Every structure is written in C-alpha cells, then in structure tokens.
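Have a look at the structure below, then the notes.
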Ligand SMILES: [Zn+2]
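In the numbering used here, the protein residues as written are 9 to 325.
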C-alpha cells in the first residue's frame, strides 16, 4: 500500500463530506458542506473542486457518488441530484482536478474500506451488505473487489426473497430492499393501520413519522405487532444472506448501515436464522458488524485501493 495522504469525498443528496487521511486510516482533516444538489452538473463539479482546494499534498482522490457507476465512470441513475443521469463523473472530476479520480457508489467503497480498515483484512473472500434507507452490497473475491462486466456487480439489495412481495424501486417484486431496508420496514408497518391503532406502543406515533427504529424499540418492549414485523424482517434477511453464502462461498459476511444500530442482538439472531436456512449446505460463516469508522473512511479507502492498483498496473505493463 503506498504511503502518504489520501483525499476522499462522500457526495450525498444533502451534504458533501471530505476527509484527508493517511493510508493506514488516520484522519488528518475533515470538511463538511451542504450539497448544491439542484444547480446541475457544472455547479456541483465546481463545488467539489473548490472544496478540494482546501486540501493539499495527497496521493489520490476517491469519490463516493449516489448512483450506480459504470466501469467507465458514468453515473447511471442519481435520483437525489439534478441532471446527473448518464454523466461521466470520473471524466468531469478528472478534468477539474487534473489527475485521476476514482468514483464508486457507497456500498462498493464501504466494502473496500472493510478490506483495508476493518476485519475484512483477514479474509480473501467476503460479502458486505449495507442495510440503511436502501440496501446495497459489495463482494470481495480473491482479495479484489468484484465489479462484473460493466461495473454494476454487488447490487445485493435486489435479490428477490419473496416472489409475490412488494414492488421494489427497481421494478421487481419482493427484493430484499423492498422488505428489510429502513424505509420499507416503516412502510410495511404503516400499511397495517388497524394493527398500529391496536398497538399500545405505536398508536402514539404519527404514521408519517414511524421509523424502523420505533419498530425495534417496540419489539424490545414486547409489542406483538412490532415483534412480528421485526422477526419477519430478520427471516427475510437471513434468506438473502443464505443465498449469498451459497452463491459466493464467502469466508465472512459483513453488515453495515443504520438498521444494524437498532438492536444489539440482531447479529446473533441473524446468524441463528442463517444457520437454519442453509440446511444441508450449512457452513459456519461468521456474520460481523462493521465499525462506524469503516463507513467514514470509505472514500479514502477507495482512493488508497485504486491508486495502489493503478501503480501496480503501471509497473507490470
Ligand atoms: Zn429491487
């Protein structure tokens, strides 16, 4: 791994976080600003490059962008930022910074961070799943992030676990994202207005404010409806994770995202449910929660990983 400092940007729908850190993950400087998300492509590029001017002396730049990113650096679908669909962000940022800029979606960059700065160090093959508002993923095979033919591999949230389930954002039915993400868990609860009225815990919360966190708290207090919904969610997640284990034979499954913060027993429940689900193909695959720091360092990890790969390619060709 090359020495020196690395710059990372996490461009989100609400804010841009930029971090300068050493290759071993020590944060040197951090800047956070609100995203100018509605003024179009040239404006956002100039906002990012202006932030970049606040940093100097770095070896590489990694950028997390809220869209699937093609192998060539094109943002395919960025619903939270205006005007970005089909734009080559890697090229535009490369021109603004006069150097290579590496761009990925958040889940792929976080998987790289698990490999560089978390327990992923110990494994050559693992699957990372991030369960937040949506569900994303990243796959390491033989010490390399797996990108597939066009750069879109690892869309693990769109694994169908219930063929007649709710319609997902992608258009299919019953994807794990449509059942177990924070947003869909709250939506599944809100669809049951009678159960909510009868629930001593949920009836006091306005429907539009209902969150996955409330459902976890309700389960902890023994609310029967919350218990049913959260238990069902654990089951759906364990079906998806068992599919990944059968497909990729990983040495470990890593989990990140907001849902993981809701209940300290969630990991052990999932492990038990996955073990049951695997049946005759049972293998003891550890399920490990990632540290908050790992997610924080994801754009820096992307920068370190790609810069070092690029240098290796230059020396071997
Ligand atoms: Zn889907």
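Yeah, the Cβ is synthetic: ideal placement off N, Cα and C, and Gly gets one too. All figures in this text were calculated on a predicted structure; none of them were measured in a lab.
Cβ-based neighbour list, residue i, same chain, cut-off 8 Å, excluding 5 preceding and 5 following
i, result
"residue 211", "204 and 205"
"residue 90", "45, 46, 47 and 48"
"residue 55", "24, 41, 43 and 44"
"residue 288", "none"
"residue 101", "53, 56, 57, 69, 71, 109 and 111"
"residue 142", "165, 177, 185, 189 and 191"
Simplified DSSP assignment, three categories, for residue i
i, result
"residue 260", "strand"
"residue 244", "helix"
"residue 132", "coil"
"residue 152", "strand"
"residue 126", "coil"
"residue 194", "helix"
"residue 161", "coil"
"residue 46", "coil"
"residue 189", "coil"
"residue 62", "coil"
Residues that DSSP places opposite residue i in a beta bridge
i, result
"residue 181", "175"
"residue 13", "30"
"residue 137", "145 and 263"
"residue 38", "27"
"residue 19", "24"
"residue 168", "183"
Chain-order list of residues whose beta-carbon lies under 7 Å from that of residue i (same chain, five-residue window excluded)
i, result
"residue 297", "263, 268 and 275"
"residue 183", "165, 166, 167, 168 and 176"
"residue 112", "72, 77 and 310"
"residue 265", "138, 139 and 140"
"residue 243", "281"
"residue 151", "132"
"residue 8", "No statement about residue 8 is possible, as the shown extent of the chain runs from 9 to 325 and does not include it."
"residue 202", "none"
"residue 79", "155, 158 and 159"
"residue 21", "43, 45, 74, 88 and 89"
Neighbourhood of residue i by C-beta distance below 6 Å, restricted to the same chain and skipping five residues each side
i, result
"residue 63", "15 and 28"
"residue 68", "14, 311 and 315"
"residue 1", "Any answer about residue 1 is impossible in this case: the structure gives the chain only from 9 up to 325."
"residue 5", "Nothing can be reported for residue 5, as the shown portion of the chain is limited to 9 through 325."
"residue 194", "218, 219 and 220"
"residue 174", "186"
"residue 192", "186"
"residue 92", "83 and 86"
"residue 114", "72"
Residue-level contact to chain D via CB, residue i, 7 Å cutoff
i, result
"residue 252", "Absent from the structure: chain D. Only one protein chain is present."
Along the chain, which unbroken stretches of the alpha helix (DSSP H) at least 4 residues long are found entirely within the region 68-122? 97-105
Under 8 Å, with one C-beta from each stretch per pair, do the region 249-258 and the region 220-231 reach the 3-pair mark? no
Which runs of the alpha helix (DSSP H) at least 4 residues long sit entirely within the region 247-325? Give them in chain order. 274-286, 300-304 and 306-324
Quick one: complete alpha helix (DSSP H) runs, 4+ long, within the region 198-245? 201-206 and 220-228
I want to know whether the region 141-149 touches the region 114-125 - three or more CB-CB distances under 8 Å. Per the Cβ contact rule, the region 141-149 is in contact with the region 114-125 (3 or more Cβ pairs under 8 Å).
Does the count of Cβ pairs from the region 121-138 and the region 298-305 closer than 8 Å reach three? yes
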